[in-house]
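Here the sequence shown is numbered in numbering that gives the first Met the number 0, starting from 0 and rising by one per residue.
All remarks here apply to the structure that follows.
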Amino acid sequence: MAVPATVGPDEQVVSWPSRPSWTGLALGPVLRVLVPGAAIAWADDGDVAALAEAEAADCADLLYIGVGTGIGGGLLLGGRLCPGPGRGSFELGHLVVASGGPVCVCGRQGCLQAIASGPATLARARELYGAPVTYEELREALRTGRPWAMAAIDGTCQALATAIMGVTELLHPRLAVLGGGFTAGIDNLVERVATPPDPMSRSGCPAPPVAAARLGGLSSLRGAVLLARAVTAGAVPLL
């Protein structure tokens, strides 16, 4: 199972900023009641999406970013998930990319999720346009080149590019993959992130190539299948 939360070794939800009421839920016992007799395994949805996208791209050093109502992520280095078992999930959405920026649902300011998620992008579009903006209205305004829409999406792409470069400076993934529903619905978002308004590469440390998720909206599902196969085989490699 792919879960959008951090689950501790005691099988309890340690953190789920977008659903704080779930913190402390004993996930393991609940799932065993729902599916009695079945082998149960779970992992962060961004982590398993990274597993699936790495297999699809044949890339052992891959950064996955899922942009939707929130932002999730996963990182493989040498074919193994980072940070590794028992050390939490790869919470890229809560990487601070703008000190003093918008308040995130986690309580901090300037998290990537607070700037580049779907709701955050729409909130910025509303401020720039001066009235509420729907997702479809933003998409149409981008197609026609409306300045407020372009500025709103530029902020999103710059924040994503900043996060990718920050990870790259420390861990050097060979490929960054963008997925999630928001990414899929915005024309040329991947290309915009690859060429942000403020270029992020520097001499000796170029930004990695940025590609769209090969599996689209199925990345986490396919990753969960990989996890299930590993459990069935009696081994859980990479986790």
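For each residue, glycine too, the CB sits at the ideal point set by N, CA and C.
Because the structure is a prediction, the values reported are computed rather than measured.
- Around the beta carbon of Thr133, a 10 Å sphere encloses fewer than 16 other beta carbons of the protein chains shown; the residue is thus reported as exposed.
- Per DSSP, the unbroken beta strand (DSSP E) holding Gly71 starts and ends at 70-76.
- Under the DSSP assignment, Arg79 falls in the beta strand (DSSP E) whose first and last residues are 79-81.
- Excluding five sequence positions before and after Ala150, the CB atoms of its chain that fall closer than 7 angstroms to its own CB belong to Leu127, given in chain order.
- For Ala183, same chain residues with a beta-carbon under 7 angstroms away, outside a window of 5 residues either side, are Gly215, Gly216 in chain order.
- For Val13, the uninterrupted beta strand (DSSP E) segment begins and ends at 12-14.
- As the crow flies, the alpha-carbon of Ile114 is around 7 angstroms from that of Pro101.
- Uninterrupted beta strand (DSSP E) stretches at least 3 residues long and entirely within the stretch 153-194 occur at 174-178, given in chain order.
- Between the C-alpha atoms of Leu226 and Leu26 there is a straight-line separation of about 17 angstroms.
- When only Cα atoms are considered, Gly165 and Pro205 end up about 11 angstroms apart.
- Excluding sequence positions up to five before and after Gln157, its CB lies within less than 7 angstroms of the CB of Pro195, Pro196, Asp197, all in the same chain and listed in chain order.
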